[in-house]
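Residue numbers (my numbering), protein chains in the order written: chain A, 273 to 537; chain B, 782 to 1230; chain C, 6 to 492. Beta carbons: idealized from backbone N, C-alpha and C, even for Gly. In this text the structure is predicted, and so the values were computed from the model without any measurement. Heads up: the structure comes next, in structure tokens.
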């Protein structure tokens, strides 16, 4: 276990985890993403910011091929994870999505028990040898999502009965349980109150230890708080990408500056 | 906690994405199977539709063709009108028994004139002709007494067995076992056909003639049934549309939130799911036994079908009213129109296409409904056309298309299966036209807000 | 006076009330319509409404009530001896009415050669009646004849009183409306109130219909249970109505009918639920837009085909096919009509019903659920089986219950496909019968509403109504709860 971890870290320090080159996305006739190039490093939190409809979520959904589920969406260009083209014909999106987990805007726990929600991924991917194994995976995932203490006594109760913030952490636990290498988060806090948001943000920071986290957010403050790198999208273009501190203090592009100072939004 | 952080990512995502692992392969095969089940289910559904239509068409299309014999018939005055005054009321004393020999002799003479020889007796030869043709000949003479004393050409219906022979229902082998027809008679029919005296033509009578008795399937038609169905649809339209629209307007626009409104709502949704036969019992008990309306009458059928159709129309109308945006109502109210004016002047006209579509679909349902009509006596054998609605025709006995179909399925002669299937084709054509009209209306007037 | 005349007079009065009220309202403001409270037409409408509505209500009530009261009064005057053995007051009253019609006709066409009532005798009237093709339940007696004459005369008198009352009310209404038609009168509000009441009355017809259904069956069912024990009806294992005698010999147990009904419905659901559900899943989750736009309407055509067509399909195609392909070779019987025939065909009929209900329900599951599952790397079928179907389960259960209720109440397919023999059997290739088949067979043809063999149909109908109503209410409740969950 530790060995794999080591080698993995070793690899990712040299090469980026995700490399995108010339990515174009079309929804029917709409050109939603225009020629995006980006490199995302391992064990960092990368934030995508930009006004609504700028394509940041669309681009996020390219990384685990969730756009495949939309019939009119078409993706061109090259996206590689660990150097492997994820749009290669031989790649099964099912396997890809196990490696690239996703947390959505609105908490979407399944109408099942908390336990079954978390165990869902491991079960379908066959990650556990037996019940005890599964219990352990569920417990670890819930711990990692900082939900264990609140949920351990009510594992068999429906996940929909949790509060909004707890539900979102449950969804994170659910994503973590399949042991992904990358976690995509599509505005994970937009439906949460400030306290729950703070908890989730803290969690994101902890998750960085083990995963590359890519987070789409509407809130610049949030991007500033949780991310190391920030990408600014505008009208389907990746306008600027760099260290979070730099983007927020001395952006190079005037559009970025306008956005950050609140002139476009 | 240390244990957790040390665990790190494990499991599924290991290894290259380019190589499918065994488990994923297995899951993908399960996926393929599952998808296949779905496709099979869809195909079974469509296949059953095709099978159903093929079965109906193959049984029923032939009913639109009818075999007839071209016969020269002498109409001697001494047999048909001894008085010589050509008064139909006097001539009607000669019953069909008086006409039957004329037709028989006519056929025998026609055979002789065309050089067709047969060993069959005259009586057996006459069996080629439908009994109904005799009545038709009589009606023709009574309608036009001047033909008496002349020789006329009659297109006589062939008997059901002969008709069936040319529709592959009757064969030489089956004729051996059949007391109504013999192979020799079939051979004679073949020779008549060669001589051009026997042929098939489009069966107009099927659409206009009334029902016929068990022994004359060749003469049975849908005239009374189509008229009866038409009458009932008229009643349903005239009653169900205004009542349904009024009820919907009340429920959608005016009804306060109270118990009474709830009760109405619950009742409507339940009535939509009550078995149709229960409506038949209602019709029998209330309209016939209690209110004393006549049995078999379109008025009773129309009332029963109205009650059945109302929920459909109400549900469709309410959906149409709901689809009109509140801004339209607000605009009218803002100009000082009363609530009633805003509804009748603005909302209702905008909802009209939706209402009409729903009404047509409701009518189509009502047109195909059979079970309740059985209970109110519409399954009776009716040969008289009902009068026009202005002369109280709604109260005359009649049948309806689906009931006529049922009626024919209960007859023993297989020729009636052909008739029933043919009637179904007619019924389905009516339904098709109605549904296409509804679709057309929806397409043409559909408005997206 | 005939009712049609009364209606004509009322129509004329309504028109008069309309124009006079309107003219008077305009006159009251010296022809300046702007000074009226409402548009002039509302004054006219108010006039017509005030004139007609009370009069028409009275007319309707009178027409409904008069026959009942008159019958009762005539019957009470009739000596007991006038009701022969084995007949009922209702039947005799029917004769009285027919004789009265005959007498009326006889006088109208002067067929008795006299206008003197007292000289009427039973022979003369009997002749007229039989010449007119009227058949009486019993030979005409002097008692019946005198009752008929009384009936006829009372009817004539009452119709005049009715005409006078109705037209009087209409006149009063007209006068009242004309008097009220002044400039400040809020005619529009009154008319709109009237229209609102009309709308409400239309909506209440739904309640009246349910009431009519329940009451009509309840009364006759009570009649039935007076003649036949209810324990026998519900628990006897035999259905064997006697056709000759009344009561006594008949065994009218509902259980064999219920068994047939449930057995056939069960087979229908076994066919329809998986096919319908899988078809719905395929069409909503897998099928491309083009395929869906063709396949979905095609399947829905099955729902628009009248049940008589399915019935004929069962009778002509499916029945013989099943008999020749399965039942006869396997030695399971040689009947074309069977539980299997009816069940299969009914299953086909229910496919679109199940599939379109399930389609709605599956589409009501939020997209977020699908995304959540797919985002975890689940395949589509895993998503459907483990997330969507469990989430939609209550709705699907509701849909299946609705389909079951349909199947139980279906008539034509079982009339033509199932057979007529009441049987408690497990062999699906055997002909069995259902509740609906027996309702049809007991209520068509010669019916005698005094005999238990006919009345049992109402008890069957009520049982059917209660069962389907229960299923529907339960299903609607479940479906509604389900929808609220995702709204």
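Per DSSP, residue 1070/B lies in no beta strand (DSSP E) segment and is marked neither H nor E. When C-alpha distances from residue 365/C are compared across 285/C, 177/C, 297/C, 81/C, the shortest belongs to 285/C. Contact check for residue 1052/B against residue 468/C fails: the beta carbons are separated by 8 Å or more.
Under a criterion of Cβ atoms nearer than 7 Å, no residue of chain B is adjacent to residue 344/C; the nearest Cβ is some 19 Å distant. Remark: fewer than three beta-carbon pairs, one from each stretch, lie closer than 8 Å, so the region 427–446 of chain A and the region 498–508 of chain A are not flagged as touching. Using a Cβ distance threshold of 8 Å, residue 1098/B and residue 1029/B count as a contacting pair. Apart from sequence neighbours up to five positions away, the residues of its chain that approach residue 345/C with a beta-carbon distance below 6 Å are 327, 433, 434, ordered along the chain. With the criterion set as a beta carbon lying under 8 Å from some beta carbon of chain A, the members of the region 802–814 of chain B are 802, 804, 805, 808, 809, in sequence order. Using a Cβ distance threshold of 8 Å, residue 483/A and residue 460/A do not count as a contacting pair. Per DSSP, the continuous beta strand (DSSP E) segment holding residue 299/A begins and ends at 290–299. In terms of Cβ geometry, residue 884/B and residue 854/B form a close pair [threshold 8 Å]. Between residue 1200/B and residue 844/B, the beta carbon gap of about 5 Å places them in contact (Cβ cut-off 8 Å). Per DSSP, reduced to three states, the secondary structure at residue 353/A is strand. Between residue 386/C and residue 340/A, the alpha-carbon positions lie close to 15 Å from each other. Looking at 441/C, 399/C, 404/C, the one whose alpha-carbon comes closest to that of residue 417/C is 441/C. Scanning the region 1012–1097 of chain B from its first residue to its last, the whole alpha helix (DSSP H) runs of 4-plus residues come out as 1040–1052, 1057–1063. Distance from the Cα of residue 269/C is smallest, within the candidate group 353/C, 40/C, 163/C, for 353/C. In the three-state DSSP reduction, residue 1188/B falls in the helix class (H, G or I). For residue 294/C, the closest Cβ of chain A is nearer than 8 Å. Using a 10 angstroms sphere on the CB of residue 70/C, the tally of other CB atoms stays under 16, which defines it as exposed. Against chain A, a Cβ distance below 8 Å from residue 387/C picks out 396.
The beta-carbon of residue 823/B is placed less than 8 Å from the nearest beta-carbon of chain C.
For residue 361/C, the uninterrupted alpha helix (DSSP H) segment begins and ends at 344–369. It is roughly 11 Å from the alpha-carbon of residue 1012/B to the alpha-carbon of residue 1148/B. The three-state secondary structure of residue 303/A, taken from DSSP, is strand. Among the CB atoms of chain C, none fall inside 8 Å of the CB of residue 1141/B.
Annotated three-state conformation of residue 321/A is strand, per DSSP. In this structure, residue 477/C sits near residue 407/C, with a CB-CB distance shorter than 8 Å.
Close to chain B, meaning a Cβ-Cβ distance shorter than 8 Å, are the following residues of the region 454–472 of chain C: 454, 462, 463, 466, 469, 470. Contact of residue 447/C with chain A is not assigned, every C-beta pair being separated by 8 Å or more. It is roughly 55 Å from the alpha-carbon of residue 804/B to the alpha-carbon of residue 1058/B. At least 8 Å separates the CB of residue 232/C from every CB of chain A.
Identification of chain C residues near residue 363/A by a Cβ-Cβ cut-off of 9 Å yields none; the smallest Cβ-Cβ distance measures about 12 Å. Secondary structure note for residue 27/C: its alpha helix (DSSP H) is the uninterrupted segment 8–33. Interface criterion met: the Cβ of residue 380/C is under 8 Å from a Cβ in chain A. As a beta-bridge residue in DSSP terms, residue 503/A pairs with 320/A, 513/A.
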